[in-house]
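Numbering (our numbering), first residue to last: 201 to 264.
All C-beta atoms in this analysis are idealised placements derived from N, C-alpha and C, irrespective of residue type, glycine included.
Since the structure is predicted, the reported quantities are computational estimates derived from the model, not experimental observations.
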């Protein structure tokens, strides 16, 4: 999955008309998927972008 696709998935989740509990669960699933990407990513620049999105997802999931 590309960074753009991860970001689109994140935006879809946070703007969905679902409960905060469901959002938190979906964000947790997204984080698990992203962890695999972080392990497999080769380019350092791409890693920084993926890391930034991962932190954004993590922070929001902790707030819900």
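### Task
Quick one: residues in its chain with C-beta nearer than 8 Å to the C-beta of residue 256, no 5 flanking neighbours on either side, listed in chain order?
These residues qualify, in order along the chain: 210.
### Message
By alpha-carbon positions, which one of 237, 227, 225 and 223 ends up nearest to residue 202?
### Response
Comparing C-alpha distances from residue 202 to each of 237, 227, 225 and 223 shows the shortest one belongs to 237.
### Message
Taking the alpha carbon of residue 232 as the reference point, which residue from 264, 212, 221 and 250 has its own alpha carbon closest?
### Response
The candidate whose alpha carbon is nearest that of residue 232 is 250.
### Query
Taking the C-alpha atoms as reference points, what is the distance between residue 229 and residue 212?
Rounded to the nearest whole angstrom, the C-alpha separation of residue 229 and residue 212 is 13 Å.
### Task
Drop a sphere of 10 angstroms on the beta-carbon of residue 248, count the other beta-carbons inside from all chains shown, and report buried for 16 or more, exposed for fewer.
Exposed is the call here.
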